[in-house]
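Note that the sequence shown covers residues 120 to 272 in our numbering.
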Amino acid sequence: MRAAVLTISTSLSEGDGEDRSGPELVRLCEAAGLETAHETVGDDREAIKQAMLRWVEQDVRFIFTTGGTGLTIDDVTPEATRDVIQREAPGYAESIRTESRNHTPLGILTRGVSGVRARTLIVNFPGSPRAIGQSWPVVEPTLKHAAETLERG
């Protein structure tokens, strides 16, 4: 199965700083047996949408984003995701938020969403490696069944 990780950060897309969240999500995907691509884009709604749509067209089964889910004006990942998805799959975002909240009260600030376009599941993860590590165990066990369901169309 193929997955794609999209890191959303203007500073990282411009070469400033080190991406720790994207590689952590790639590592977790690969450990789960997923062939995983990785790309970084800035906090730009259209760029985020275009990256997602390109992967959907390539029939990537899962797109996992990291970053851009906070409260600042630049955090547009949820809006871009809503522009792309055709059906919501809210359990993923709800579970990530709940798991994050179990570790820090700040977990309620994440605005991530999740849903499906065609045969691709798109899930927004928070932008910190720690939050990704805490949230992945609630997502990963469902992926095989989700993929089988998506394959049926």
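A virtual CB, placed ideally from N, CA and C, is assigned to each residue, including glycine.
| query | result |
| --- | --- |
| Near Glu207, what residues of its chain come up, given a Cβ to Cβ distance below 6 Å and the 5 sequence neighbours on each side ignored? | Gly234 |
| Can you tell me where the alpha helix (DSSP H) holding Leu147 begins and where it ends? | Ser140 to Ala150 |
| Along the chain, where does the alpha helix (DSSP H) containing Gly252 start, and where does it finish? | Pro248 to Val258 |
| With DSSP as the reference, identify every bridge partner of Thr159, one or two as the case may be. | Thr126 |
| Run through the stretch 165-252 for me and flag every whole alpha helix (DSSP H) of 4 or more residues, listed as ranges in chain order. | 196-203 and 209-222 |
| Excluding sequence positions up to five away, which residues of its chain have a Cβ less than 8 Å from the Cβ of Ser214? | Ser254, Val257 and Val258 |
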